[in-house]
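Presented below is the structure to which this report refers.
Numbering (the UniProt record's numbering), first residue to last: 1 to 470.
Structure representation (structure tokens):
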């Protein structure tokens with residue numbers, strides 16, 4: 001039972017990299033069931049043992065985490081809650097995303113240019129402001145998550161991005177942020193956006209023995225000084241016999257610091273104790289068993305393990321918070337009556353519109369079916385209701401399930417289109433109505449844009465008042 005869906009993507013990295021033409025960056029997405037050992041399931045869809053998880057794994061060069069489309073989201077301004085503000089008791093504040101990323105980049109440039117040191121940089125005002133997003137790619141996904149959630153219908157004033165505290169963040173992570181949505185249970189983590197560095201691919205490589213690497217080809221060969229470890233298979237075989245392979249692999253896997261330390265010890269003492277993890281013991285390596293040297297070589301490409309930026313979406317939590325944010329009540333015929341409404345945006349509403357003949361007359365039924373056919377052809381999900389129920393009651397029923405538009409057939413040539421939230425109505429020709437609805441539900445135009453183009457229709461007061469009789 002998997003705790004996340006992402007590991008299948010990492011296992012298939014080589015195939016995905018090949019499919020993308022052996023180029024970075026690229027991303028893969030997956031959605032499926034995940035499981036957690038939740039001790040106390042409660043709060044509806046918020047704390048459960050089984051849930052739907054959607055994850056994106058964006059693979060990127062660890063030396064270049066810029067993003068070509070970051071400028072598309074850099075001007076977004078929303079609530080951010082960096083760790084410095086959490087530790088000092090301050091509240092979340094609105095920050096422009098471009099500033100949040102550029103401040104960190106500015107500090108990194110200062111350190112790299114030797115104009116200051118990291119400790120001094122942290123003490124400066126620039127690093128203690130809200131800008132703490134580690135890199136452009138991470139910032140890009142934070143911006144895209146903000147747009148995704150607000151376009152779904154999440155209230156932007158009850159959405160914030162909170163940075164993980166040092167004791168919350170995984171040891172391998174470069175930076176982590178949670179998109180938290182405020183609901184009746186408080187602030188709920190619904191999306192995690194993490195820079196997981198190269199940990200996952202390295203862990204799979206170490207356990208499987210299969211290198212999960214990317215490469216960058218150079219336009220011109222580069223001369224570099226590299227550490228070369230050359231074990232002597234003959235001497236290792238004579239000394240370790242059946243354990244030769246494991247000792248050889250352990251020597252070749254040494255990091256630069258460890259290898260140079262072994263070289264110095266061999267030169268001074270002639271032998272050194274070396275721990276072989278796969279054998280579970282130390283072995284004695286002598287000077288004639290391995291050669292360790294720094295050599296100049298020409299490289300035509302650079303091999304590296306990619307870093308990964310991972311946005312992870314808890315679908316159940318997002319839906320729960322969306323229901324809370326979109327639900328409201330408005331007054332019915334009397335002040336004591338409250339009518340329930342879901343204000344789902346047209347783009348995401350499950351049912352986009354309804355078609356109602358004003359009265360049960362055959363000629364209106366024919367027009368309603370004609371409009372329904374046009375809506376189906378346009379790919380618009382809708383309900384047609386040709387019952388004799390009063391129009392006010394039918395409006396109330398569809399408002400209660402979040403249908404944004406209602407088409408009322410009261411003529412054979414033109415119809416009225418009603419907006420759920422404002423209750424404003426316009427007059428549209430029968431042949432045009434499907435295109436008008438598609439414009440609104442696809443997000444090409446807002447209801448306000450449509451109101452400018454078509455004549456307003458004044459509904460009878462009794463029609464809307466009848467809603468309270470449901």
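Think of the CB as a built atom: it goes at the ideal place given N, C-alpha and C, for glycine as much as any other residue.
Every value quoted in this text rests on a predicted model; they were computed, and no experiment measured them.
Distance, Cα to Cα, residue i vs residue j?
i	j	result
residue 255	residue 196	21 Å
residue 190	residue 212	30 Å
residue 219	residue 298	13 Å
residue 89	residue 81	11 Å
residue 276	residue 312	37 Å
residue 455	residue 358	19 Å
residue 296	residue 180	51 Å
residue 294	residue 206	25 Å
residue 377	residue 436	14 Å
residue 326	residue 401	11 Å
residue 194	residue 157	23 Å
residue 336	residue 397	19 Å
residue 317	residue 389	37 Å
residue 143	residue 96	10 Å
residue 113	residue 306	Note that residue 113 scores a pLDDT of 45, beneath 50, so its modelled location is shaky and nothing firm can be said.
residue 133	residue 309	13 Å
In this structure, does DSSP put residue i in helix, strand or coil?
i	result
residue 391	helix
residue 169	coil
residue 328	strand
residue 63	coil
residue 69	coil
residue 51	strand
residue 321	helix
residue 352	coil
residue 289	helix
residue 204	helix
residue 20	coil
residue 198	coil
residue 88	coil
residue 244	helix
residue 155	coil
residue 445	coil
Taking its Cβ as the centre, do 16 or more other Cβ atoms sit within 10 Å of residue i, making it buried, or is it exposed?
i	result
residue 352	buried
residue 1	exposed
residue 19	exposed
residue 75	exposed
residue 215	exposed
residue 136	buried
residue 119	Reliability of the predicted coordinates at residue 119 is poor, the pLDDT of 43 falling under 50, and the value obtained from them is presented with this limitation in mind. The residue is exposed, with fewer than 16 neighbouring Cβ atoms inside 10 Å.
residue 178	buried
residue 162	buried
Just to confirm before moving on: does the CB-CB distance between residue i and residue j stay below 7 Å?
i	j	result
residue 199	residue 172	yes
residue 138	residue 149	no
residue 399	residue 341	yes
residue 70	residue 140	yes
residue 47	residue 55	no
residue 236	residue 227	no
residue 83	residue 165	yes
residue 34	residue 4	yes
At the 7 Å Cβ level, is residue i part of the contact set with chain C, yes or no?
i	result
residue 201	Absent from the structure is chain C; it holds one protein chain and no more.
From which residue to which residue does the alpha helix (DSSP H) around residue i run?
i	result
residue 363	362–377
residue 264	256–269
residue 11	7–11
Looking at the unbroken beta strand (DSSP E) that takes in residue i, where does it start and where does it end?
i	result
residue 80	77–81
residue 224	214–231
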